[in-house]
Amino acid sequence: MENRITLSKCVEGKSRFLLTLFLLCFCSFTWAQVKVTGIVTDPSGEAIIGANVVEKGAPGNGTISDINGNFTLNVKSNKTVLTVSFIGYKDKTVPLNGSTNLKVILEEDSQALDEVVVVGYGSVKKSNLTTSVSKMTSDAIEGRPVTNLSDALSGQLAGVQTQTSSGIPGEEMQITVRGVSSINGSSNPLIVVDGVITENMSNVNPSDVASIQVLKDAAATSIYGARGSAGVILIETKQAQKGAPVVKWESYLGFQNAVGLPEMMSPKEWMAYNLYLKNAMWLQKDGNNTLDTPNKNRPSGDRVNPDWLLNPNSDTADWTLRSDLPQTNWIDAILQTAFTHSHQVSVSSKGDKYSIYASAGYMNQEGIVKHTGYERFNFRINASMNINKYIKAGVNFAPTISSQDRGESEGKDKVIMTALTMIPTIGINEGTRSLGFSKFRKDDVNPYERLKQVTDSRNIKNFDVASWVEAYIIKGLTFKSMFNYSSDNRIDEYFLPLDVQKMSVKSATATSKVISGSRTGWQNTLSYDFTLWKKHQMNVLLGQSIENRSIYTADMKATDFPLDNVPTLNQGATPSQASTMKNIVRTASLFGRLSYNYDDKYLVSASVRRDGSSRFGPSNRWATFPSVSAGWKINSEEFMKDIEFISLLKLRASWGMSGNDRIGYSDYVSTFTTGNVAYGNTSQIAIYPTNYANLDLKWETTKAFDFGFDLSLFRNRIQLNVDYYINRTDDLLYNLQLPAATGFNSMRTNLASIENRGWEIDLTTVNINAKSFKWSSTLNLSGNKNKVLDLGGNDEIITDAWNAQFITKVGGPISQFYTYRTDGLLTEADFEVGTDGRYNPNKPLVPTVKGKKQRPGNVKYVDTDNSGSIDNDDRVAYGSNDPDIMFGFTNRFTYKDFELSIFLRGQIGGNVLWIGARNLDTGGKYGANNTLKRWLHCYKEDYPNGNPIPTELGIDMSWDGKTPTPYGLGDNSEQDGQLHRTDLEIFDATFLRIQNISLAYNMPKKWLNALGIKAAKIYGTVENLHTFTDYIGNPDTNSYSTNPMLRGADYNTYPLSRKYIFGVNVTF
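Take 768 as the starting number for the sequence shown in the working numbering and just add one per residue.
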């Protein structure tokens, strides 16, 4: 017992001793944290902002340098080793060796060679690129209020053209790389997000983007084979960076208003103008008429007096007495100053065995047209884990939910056009047609009420997930397998109540369209990097991919609704349309690439891809797309060693083939439908074919040659990239019109050949790099000439749309405007003199328009075929939408904690056809509609029996020397003599746009440390500040984006908006 007690006491004493020792060690460990401070600079002593400083062996413990390059970090001991890194500089390991105040100098990577550029199924150092690739980083996006990622590409990359097909919030820009490459197929580039092919950019949150690479030449795109002929856009989303966990909050809010609208007449101006028309028509009708003749005998009608239909016998002649008329600015009535805001939070962390980036975002943009707007929820998780030293696995997960209110705003008879042309002496409060709005004219519709009552919405739910695994088999040999699945579900709903339709319409209308799609893909790659005899660096890539794309579409329409406020389709008494369709497309591919680098001087790369697509028949289902490229780094030669100011001088050339399979799902086979067909004197339900099968249908194929050079000077302070290319596309897919006797409208066939030739220049300079002040600039310039080489034996193809015509001719570009040419205005000298000493309108000395009567002030047309009259044969190809030069120019200034960025973009040359001119620019459509203010200053004939210009309203109506006689002034013969779709409706599309100005302030670190904040930035920005152009609207518009043969038309698209934004970014 005694022994036990003794042992117990002994153990108790030892336990106390060990506990005390443990506590001392714990306290020692706890309080032995060492505070390390320092500064990170480049070799010249300039501070490096945002350098990563991490304690080696403790990846969760790190910080970043502030605006002055300073950092503070608590580490375990004064024997700790730090790792310091920054993009464009070599990583540096810094042992403390007892020191706690450091000065770390990072060396620049020689010629910035370690900057990595993503290419198809891999990456390569920028200096070793042998193909044409343009890159932009998140710096070009941050702080800009871009709703859609495609907006951010505008003007940023040489050879990449963006155009607005619809300005409705949430719509995607149309993107073209190195010119139009198809006449009837798709010219849209392939979109690849984190290695996965996707349909568009709308589902990618701009705040999640790390970089965007655009593959432009065929040597770069041929690795994507059948889908790469129009270019490839590779989007890389953000990943966690090694170091301490980072939480970032990004938020902005602001407002926007409409810019670039046509200037219409005010109510008072419109009254004065129509009184002039009224007077002029009366004096013109009969030389014996005077302005004192009773008004009721004048040709007025509803064209000039809205009360005429209410009281046809009205003798009211003095418009100054019409103070009872409303005065309405209809475009102001449908527009608003719109609010917009966006918020995103992201969390990222990366350790030795894991990496995770997660974000959630919300964006809401009111439309500048009332009752329109866009709302989006974004989520993303990019995660990976090292399972062991040989295997790594990861997943990318990104759901998106968006909704869009379109407001039936664009196009003919839609809200914007109606508001522009609506008579300004009709009031908003006239309401709907049931309240008497259409009493003036049966086709009048109140655009304000229509916006309020119409349902025109689009709701999209998108889900993307990709899982992958990498196996490191031996040194340099890596196998990667990726499986991806995406689903996108879209519902379009439209309901137009009867009460906001024309009087000629007898029922409300409802439509619904459901598109449900899914995509599954599986790709496997085997990559081997190895070096032989120190100087022979090689990479071999082998790969395989399969993909299945399924699309289900349902279209429904109904009319004859008993109630305007019950828009469900089942309430419609007459279901006029109900159809469903399901399509499946399958593709399979094998591909490979070999890259060789000898002594960092001579570079060669070759690739080949074998593609199969279910869109084509068995005989043409497979195609092969090879490429080869080479580069010579002249600066690495011995004879260049002493020329130190040249950091990089590289020549490169490439040749390759790529294809286009984006046509109908089953154009090579016959498809059938059911319907009523005539059989004798009766109508019978029958099954009949809907298309003419073409078993010989095959791929579009593009062969491209590119030559360029890359030059860097003065330790990369000047970087220049120049390219010249020739792209030829053969076997272009086209819907060939068939004779009516065949029973088919058209047949898809391989018909034509086109060529694109062009040049590109990218220039980046560091102009000033002082300690407190920095200034850098980037400039991109490009030009492309499109030429049709062959049209399958045809000389030309004419395409009609919106009462306009476009022509594609051999030897010219795709989609020229087909129009009448003009030569100023007719004068009295262009007519014979009558017995009264005045001109004789029945005897012009110039060719007449289709034999119609002419007057001085009318437009003079060119008789191009010298036939003596103006008819359809006088139309010629005139202008195209292709600019001569596109450019973007960005300047960034940094002064201490302030940052200023100015971004300009634009183009020189090219044309735009204003489709809306027929409605807005004809002098008021015989006085029935409002019209452009310029018609106040139209040509005015001198009448011997009176002066038709009214003076009682005090409106200046002097001639401006260029505006012709209004189209509605004259009898029917003369009205028919004024033509539409002339070169007067085709405008120079040259423009310079101040796209973005942004001013930011980085809050000092000393203010933030106490709050646990690593960095904070506040900024203000203005987007689309001003556009310098001679065009009346947005010159950067292409309303009919889905058809390359109808390019360059502006059909009164949704107005541009100027945005004023205030934002804050905070990093914890």
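Glycine is no exception: its CB is placed at the ideal position from the N, C-alpha and C atoms.
Among HIS1138, ASP1119, LYS1400, which residue has its Cα nearest to the Cα of ILE1101? In the sequence shown, the residue the question calls residue 1101 occupies position 334. Residue HIS1138 is the option with its Cα nearest to ILE1101.
Using the beta-carbon count (16 or more within 10 Å), is SER1386 buried or exposed? Along the sequence shown, one-based indexing puts residue 1386 at 619. Exposed: under 16 other Cβ atoms inside 10 Å.
Tell me whether LYS1773 sits in a helix, a strand or coil according to DSSP, three-state version. On the sequence shown, residue 1773 is found 1006 positions in, with the first residue counted as 1. In the three-state reduction of the DSSP assignment, LYS1773 falls in the helix class, which pools H, G and I.
Do ILE942 and PRO956 count as a contact pair if the criterion is CB distance below 7 Å? Counted from its first residue, the sequence shown places residue 956 at position 189. Counted from its first residue, the sequence shown places residue 942 at position 175. It is a contact, given that the beta carbons lie within the stated cut-off.
Per-residue burial, ALA1816 [other beta carbons within 10 Å of its own, 16 or more giving buried]: Against the sequence shown, residue 1816 aligns to sequence position 1049. Counting the other CB atoms within 10 Å of its CB gives ALA1816 a total of 16 or more, which places it among the buried residues.
Per DSSP, what kind of secondary structure is THR1509 in: helix, strand or coil? One-based indexing of the sequence shown puts residue 1509 at position 742. In the three-state DSSP reduction, THR1509 falls in the helix class (H, G or I).
LEU1612 versus LEU1593: straight-line alpha-carbon distance, rounded: The residue you call residue 1612 lines up with position 845 of the sequence shown. The residue you call residue 1593 lines up with position 826 of the sequence shown. Taking the Cα positions, LEU1612 is about 10 Å away from LEU1593.
Between which two residues does the beta strand (DSSP E) carrying ILE1240 extend? Here residue 1240 is taken as the residue at index 473 of the sequence shown, counted from 1. 1222-1241 is the extent of the beta strand (DSSP E) around ILE1240.
Inter-residue spacing [alpha-carbon to alpha-carbon] between ASN1046 and ILE1716: The residue given as residue 1046 occupies position 279 in the sequence shown. The residue given as residue 1716 occupies position 949 in the sequence shown. Between ASN1046 and ILE1716, the C-alpha separation is close to 8 Å.
Give the DSSP bridge partners of GLY1359, in chain order. The residue given as residue 1359 occupies position 592 in the sequence shown. Note: GLY1359 sits in a beta bridge opposite LEU1309, VAL1375.
Please confirm if the segment 1590-1608 is in contact with the segment 1665-1681, defined as three or more CB-CB distances below 8 Å between the two stretches. No, the segment 1590-1608 does not touch the segment 1665-1681.
Which of the three DSSP states, helix, strand or coil, is assigned to ALA1047? To locate residue 1047, count along the sequence shown from 1; it is residue 280. Residue state, collapsed to three classes: helix.
From the DSSP output, in three-state form, read off GLY1646 for me. As a working mapping, residue 1646 is identified with position 879 in the sequence shown. In the structure shown, GLY1646 sits in a strand (DSSP, three-state: E or B).
Buried or exposed: which applies to ASP833, given that a residue is buried once 16 or more other Cβ atoms fall within 10 Å of its Cβ? Position 66 of the sequence shown holds residue 833. Answer is buried; the Cβ neighbour count reaches 16.
Quick one: what does DSSP say SER1283 is sitting in, helix, strand or coil? Taking the first residue of the sequence shown as position 1, residue 1283 is located at position 516. Strand, per DSSP.
Per DSSP, what kind of secondary structure is GLY1442 in: helix, strand or coil? Residue mapping note: residue 1442 aligns to position 675 of the sequence shown, counting from 1. Here DSSP, grouped into helix, strand and coil, assigns GLY1442 to strand.
Can you give me the C-alpha to C-alpha distance between SER1067 and THR1730, rounded to a whole angstrom? In the sequence shown, counting from the first residue as 1, residue 1067 sits at position 300. In the sequence shown, counting from the first residue as 1, residue 1730 sits at position 963. Confidence in SER1067 is poor, its pLDDT being 43 and thus under 50, which makes the residue's placement too unreliable to answer from.
Rounded Cβ spacing between ASN951 and ASN1648 (contact assumed at less than 8 Å): Against the sequence shown, residue 951 aligns to sequence position 184. Against the sequence shown, residue 1648 aligns to sequence position 881. At roughly 16 Å, the Cβ-Cβ gap does not stay under 8 Å, so ASN951 and ASN1648 are not in contact.
Output the boundary residues of the beta strand (DSSP E) element that contains ALA925. In the sequence shown, counting from the first residue as 1, residue 925 sits at position 158. Neither: ALA925 is in no beta strand (DSSP E) and is coded neither H nor E.
Taking just the CA atoms, how far does LEU1299 sit from MET1407? Counting from one through the sequence shown, the residue named residue 1407 turns up at place 640. Counting from one through the sequence shown, the residue named residue 1299 turns up at place 532. When rounded, the distance between both Cα atoms is 25 Å.
Could you check the C-alpha separation between VAL1212 and GLY1510 for me, to the nearest Å? Taking the sequence shown and counting its residues from 1, one reaches residue 1212 at position 445. Taking the sequence shown and counting its residues from 1, one reaches residue 1510 at position 743. If I take the Cα positions, the gap works out to 40 Å.
Buried or exposed: MET968, going by 16 or more other Cβ atoms within 10 Å of its Cβ? Your numbering for residue 968 matches position 201 in the sequence shown. Its Cβ being crowded by 16 or more others within 10 Å, MET968 is buried.
Look at ASN1607 and PRO1580 and say whether their C-beta atoms are less than 7 Å apart. Counted from its first residue, the sequence shown places residue 1607 at position 840. Counted from its first residue, the sequence shown places residue 1580 at position 813. In this structure, PRO1580 does not lie closer than 7 Å to ASN1607 by Cβ.
For ASN1517 and LEU1500, the rounded distance between their alpha carbons: Numbered from 1 along the sequence shown, position 733 holds the residue referred to as residue 1500. Numbered from 1 along the sequence shown, position 750 holds the residue referred to as residue 1517. Computed Cα separation, rounded: 5 Å.
Anyone know if the C-beta pair for THR898 and ALA1011 falls short of 7 Å? To locate residue 898, count along the sequence shown from 1; it is residue 131. To locate residue 1011, count along the sequence shown from 1; it is residue 244. For THR898 and ALA1011, no; Cβs fall outside 7 Å.
In angstroms with no decimal places, state the Cα-to-Cα distance between GLY1359 and PHE1472. Counting from 1 along the sequence shown, the entry for residue 1359 is found at position 592. Counting from 1 along the sequence shown, the entry for residue 1472 is found at position 705. Across the structure, GLY1359 and PHE1472 are spaced so that their CA atoms are roughly 20 Å apart.
When the Cα of VAL886 is compared with those of ASN1609, SER1372, GLN1171, which residue comes out closest? Position 119 of the sequence shown, counted from the first residue, corresponds to residue 886. Closest by alpha carbon: SER1372.
For LYS1349, count the other beta carbons within 10 Å of its own beta carbon; 16 or more makes it buried, fewer makes it exposed. Which is it? Indexing the sequence shown from 1 puts residue 1349 at position 582. LYS1349 should be labelled exposed.
For ASN1523, count neighbouring C-beta atoms within 10 Å of its own C-beta (all shown protein chains included) and say buried if the count is 16 or more, exposed if not. Here residue 1523 is taken as the residue at index 756 of the sequence shown, counted from 1. Answer is buried; the Cβ neighbour count reaches 16.
Looking only at C-alpha atoms, which of SER1425, LEU1813, LYS1280, SER1109 sits nearest to GLU909? What you label residue 909 is simply residue 142 of the sequence shown in a count that begins at 1. That would be SER1109, whose Cα lies nearest to the Cα of GLU909.
Using a Cβ-Cβ cutoff of less than 6 Å, which residues in the same chain neighbour GLY1683 once the five nearest sequence positions on both sides are dropped? By one-based count along the sequence shown, residue 1683 stands at place 916. Excluding residues within five positions, the ones whose Cβ falls inside 6 Å are ASN1819.
In chain order, what residues of the same chain lie with their CB nearer than 7 Å to the CB of GLU1260, ignoring the 5 residues before and after it? Locating residue 1260 in the sequence shown gives position 493, counting from the first residue. Exclusion of the five residues before and after GLU1260 leaves THR1222, SER1224, SER1279 as the residues of its chain whose Cβ lies within less than 7 Å of its Cβ.
Where does the unbroken beta strand (DSSP E) through ARG1672 begin, and where does it stop? Residue numbering aside, residue 1672 sits at position 905 when the sequence shown is read from its first letter. Its beta strand (DSSP E) spans residues 1665-1675.
Does DSSP put ALA1340 in a helix, in a strand, or in coil? One-based indexing of the sequence shown puts residue 1340 at position 573. ALA1340: coil per DSSP, three-state reduction.
For ILE1183, which residues from the same chain have a beta carbon less than 6 Å from its beta carbon, with the 5 sequence-adjacent residues on both sides left out? Against the sequence shown, residue 1183 aligns to sequence position 416. Result list for ILE1183: SER1176, ASN1819, in chain order.
Which of the three DSSP states, helix, strand or coil, is assigned to THR1732? On the sequence shown, residue 1732 is found 965 positions in, with the first residue counted as 1. Three-state result, THR1732: coil.
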